[in-house]
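What follows is a short report on a single structure.
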Amino acid sequence: MMDVQAHFTNGFALKFRDNEFVKNMGFNLKDDVESYGFRNFVKEMFFDSETDMLVISGVPGREQQKDAAGKTLDGRDRKGGVLPSWLMSQSKKQLNELSGSTRALCQGNLAPNHYWNKATNSIDKPALLDQMDRELKLYGIDSWKWYCHTDPGQSGGGFQLDDDNAAWFYEESRKRGMKLISVHKGYSYQSRTLGHLANPKDVEKAALRNPDFSFIVYHSALKHGISEPEFKDPKNFDPTTGDFEWHKVLMDIKKRNPGMTNVYPEIGSFFAPLVLANPLMCMHGMGKNIKYYGADHVIWGTDCLWWGSPQWAIEAFKRFQISDELCEKFGYKKITKEDKARIFGLNAAKLYGVDLTKQRKAFPADVMSRLKTAYVDRGGQRNNAAYGWVRADD
0 MMDVQAHFTN GFALKFRDNE FVKNMGFNLK DDVESYGFRN FVKEMFFDSE
50 TDMLVISGVP GREQQKDAAG KTLDGRDRKG GVLPSWLMSQ SKKQLNELSG
100 STRALCQGNL APNHYWNKAT NSIDKPALLD QMDRELKLYG IDSWKWYCHT
150 DPGQSGGGFQ LDDDNAAWFY EESRKRGMKL ISVHKGYSYQ SRTLGHLANP
200 KDVEKAALRN PDFSFIVYHS ALKHGISEPE FKDPKNFDPT TGDFEWHKVL
250 MDIKKRNPGM TNVYPEIGSF FAPLVLANPL MCMHGMGKNI KYYGADHVIW
300 GTDCLWWGSP QWAIEAFKRF QISDELCEKF GYKKITKEDK ARIFGLNAAK
350 LYGVDLTKQR KAFPADVMSR LKTAYVDRGG QRNNAAYGWV RADD
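For the sequence shown, numbering that gives the first Met the number 0 begins at 0 and goes up steadily by one.
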């Protein structure tokens with residue numbers, strides 16, 4: 000079980016855990032700073048769920064490289080926002096050293112518009128390359144995490160996966176051996192002025208021009224979250240076709256390019272909210288992801304601990320199935336146990352180069368497993384356990 004979209008924060012309470020859909024499930028989650036912290040992250044992700052391995056996933060932020068005197072900063076002094084690259088790296092190392100095995104990987108937040116020369120209105124290439132080398136060599140990141148619709152470097156705009164600045168970044172990253180791009184697409188409300196840049200239309204050219212790179216498209220490009228008023232707008236979802244905003248754009252890319260194999264839809268804050276708020280939409284979304292991209296290209300992520308422990312989402316996907324009616328009408332396939340195993344972690348493990356044989360031997364005997372066993376034996380329970388209806392034919 001490998002979750003590629005796992006978050007905590009550097010001392011920020013974000014109000015996600017108080018979301019309406021979380022309350023509607025009967026969860027009573029704390030929404031204070033401690034609840035978003037690393038200690039609770041370990042508890043909810045590892046002790047309170049079946050997650051074996053995770054990727055600490057970036058939240059957009061730019062590290063401060065030097066102080067006023069020109070001295071290079073380190074660690075916490077670099078700041079960097081809600082979940083900076085230095086903190087993801089530090090936490091990855093702590094988790095793996097504690098466990099005695101590789102339980103965590105991490106992403107790096109650096110993106111093409113993070114260090115900007117305002118005089119020339121172009122990338123500050125020396126500063127960006129310095130940060131690139133730092134994140135790759137010192138932090139040991141395992142993927143980039145990009146948010147095209149954000150501008151922490153105050154460049155005056157966001158960027159696109161297929162623009163010239165991104166092309167230069169790919170080349171420099173390629174030279175250094177990093178060819179995995181995890182990119183947020185969808186949830187356009189996060190930026191009033193740049194939200195349109197979260198449209199996945201730029202994935203196509205980027206993937207075709209860089210066939211040696213892999214692009215993980217987070218949220219499967221779901222444009223509107225279930226708590227947004229626009230989610231209920233009839234224009235958002237067409238039940239006669241099963242299409243919905245921006246997800247269709249991602250599906251059309253694959254339809255136009257059936258031989259393109261380096262794009263992977265990720266389902267964090269896609270599958271789990273949809274299976275609750277609109278099961279029909281969820282069946283279409285998962286059906287199309289698998290129909291067009293293949294069960295070997297769909298990647299498991301949950302966006303937790305934003306929604307508490309991910310166990311509820313894990314259990315929902317174990318039970319999830321696409322109806323016979325939709326399979327017959329739209330050409331979807333039933334999701335097999337083998338498909339679910341791929342989606343739950345085998346696909347991500349392959350992308351991240353995880354040695355499954357080694358990990359399967361290491362996990363049962365490592366410190367994390369022993370700590371979890373002791374926690375459960377003492378009566379430890381997750382604080383978002385809820386009980387309700389399940390399929391009668393399960």
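The beta carbon of each residue, even a glycine, is placed where N, CA and C say it ideally should be.
Everything numeric in this text was worked out from a predicted model, so none of it was measured.
Do you know offhand how far Leu234's Cα is from Leu370's?
First, the residue type needs correcting, since residue 234 is Lys and not Leu in the sequence shown. Between Lys234 and Leu370, the C-alpha separation is close to 49 angstroms.
Ignore the nearest five residues each way along the sequence and tell me which others in Tyr292's own chain have a CB closer than 6 angstroms to its CB.
Answer for Tyr292: Lys253, Pro264, listed in chain order.
Leaving out five residues before and five after Ser98 in sequence, what residues of the same chain have Cβ atoms less than 7 angstroms from its Cβ?
Closer than 7 angstroms at the Cβ level, and outside the excluded window around Ser98, lie Asp365, Val366, Met367.
Run through the DSSP bridge pairs and tell me what Pro5 is partnered with.
The sequence shown places Ala at residue 5, rather than the Pro named in the question. BP columns for Ala5 point to Ile55, Cys303.
Leaving out five residues before and five after Val41 in sequence, what residues of the same chain have Cβ atoms less than 8 angstroms from its Cβ?
These residues qualify, in order along the chain: Leu94.
Can you confirm whether the stretch 73-89 touches the stretch 335-344 when touching is taken to mean that 3 or more C-beta pairs between the two stretches lie within less than 8 angstroms?
Contact between the stretch 335-344 and the stretch 73-89 is absent, because fewer than three Cβ pairs lie under 8 angstroms.
Under 9 angstroms between the Cβ atoms of Ala347 and Met24?
Cβ distance not < 9 angstroms, so Ala347 and Met24 don't count as in contact.
Could you check where the beta strand (DSSP E) with Gln106 kicks off and where it finishes?
Segment 103-107, the beta strand (DSSP E) holding Gln106.
Let me know the secondary structure DSSP gives Glu62 once reduced to three states.
Of the three classes helix, strand and coil, the one that applies to Glu62 here is coil, per DSSP.
Examine the Cβ distances between the stretch 325-334 and the stretch 299-315 and report whether three or more of them are shorter than 8 angstroms.
Result no; under three Cβ-Cβ pairs closer than 8 angstroms.
Between Ser56 and Lys144, is the Cβ-Cβ spacing less than 9 angstroms?
Contact flag set, yes.
Can you say whether Ala67 is buried or exposed, counting buried as having 16 or more other CB atoms within 10 angstroms of its CB?
With fewer than 16 Cβ atoms within 10 Å of its Cβ, Ala67 is classed as exposed.
If we count Cβ pairs, one from each stretch, closer than 8 angstroms, do we get three or more for the stretch 115-135 versus the stretch 194-201?
Verdict: no, contact absent.
Using the rule of at least 16 other Cβ atoms within 10 Å of the residue's Cβ for burial, across every protein chain shown, is Asp163 buried or exposed?
Exposed is the call here.
Contact between the stretch 225-232 and the stretch 6-13 is defined here as three or more beta-carbon pairs at a separation below 8 angstroms; is this criterion met?
Touching, no.
To the nearest whole angstrom, what separates the beta carbons of Pro210 and Asn256, a pair I think is in contact under 8 angstroms?
Wrong, their Cβ atoms sit about 11 angstroms apart, outside the cutoff.
From Gly300 to Thr101, what distance separates their C-alpha atoms?
For Gly300 and Thr101, the distance between alpha carbons rounds to 18 angstroms.
What residue range is occupied by the uninterrupted beta strand (DSSP E) comprising Tyr217?
Where Tyr217 is concerned, the enclosing beta strand (DSSP E) stretches over 213-217.
If you scan the stretch 177-211 from start to end, which runs of the alpha helix (DSSP H) of 4 or more residues do you find wholly inside it?
List check, alpha helix (DSSP H) in window: 202-208.
Which of the three DSSP states, helix, strand or coil, is assigned to Ser34?
It is helical.
Between which two residues does the alpha helix (DSSP H) harbouring Tyr169 extend?
Looking at the DSSP string, the run of the alpha helix (DSSP H) that includes Tyr169 is 163-174.
Can you find at least 3 beta carbon pairs, one from the stretch 176-183 and one from the stretch 132-147, that sit closer than 8 angstroms?
In short, these stretches touch, since the Cβ pair count reaches three.
So is Lys247 buried or exposed if we call it buried at 16+ other beta carbons inside 10 Å?
Burial call: buried.
So the beta strand (DSSP E) Ser142 belongs to, where does it begin and stop?
Per DSSP, Ser142 belongs to the beta strand (DSSP E) from 142-145.
Pull the bridge partners of Asp365 from the DSSP assignment, please.
Paired residue(s): none; Asp365 is not in a bridge.
Taking 6 angstroms as the limit between beta carbons, can you name the residues of its chain near Ala205, skipping five residues before and five after?
For Ala205, where only same-chain residues beyond five positions count, the Cβ hits under 6 angstroms are Leu160, Asp161.
In whole angstroms, what is the alpha-carbon distance linking Gln380 and Asp47?
Rounded to the nearest angstrom, the two C-alpha atoms are 7 angstroms apart.
Can you name, in chain order, every residue of its own chain whose Cβ lies under 6 angstroms from the Cβ of Thr149, other than the five neighbours on each side?
Result list for Thr149: Pro59, in chain order.
List the endpoints of the continuous alpha helix (DSSP H) containing Pro83.
That residue, Pro83, is in no alpha helix (DSSP H); it is neither H nor E in DSSP.
Can you tell me whether Asn346 is helix, strand or coil according to DSSP?
The answer is helix: DSSP assigns Asn346 an H, G or I state.
How is Pro264 classed by DSSP in three states: helix, strand or coil?
Strand.
Three-state secondary structure (DSSP) at Asn18?
The answer is coil: DSSP assigns Asn18 none of H, G, I, E or B.
Which runs of the alpha helix (DSSP H), 4 residues or longer, sit entirely within the stretch 231-280?
Listed in chain order, they are 246-255, 270-276.
Of the choices Ala166, Cys147, Leu275, whose alpha-carbon is the least far from that of Trp311?
Per the Cα distances, Leu275.
Taking the alpha helix (DSSP H) that Pro124 belongs to, which residues open and close that run?
The displayed chain sequence assigns Lys, not Pro, to residue 124. 124-132 is the span of the alpha helix (DSSP H), which, as asked, contains Lys124.
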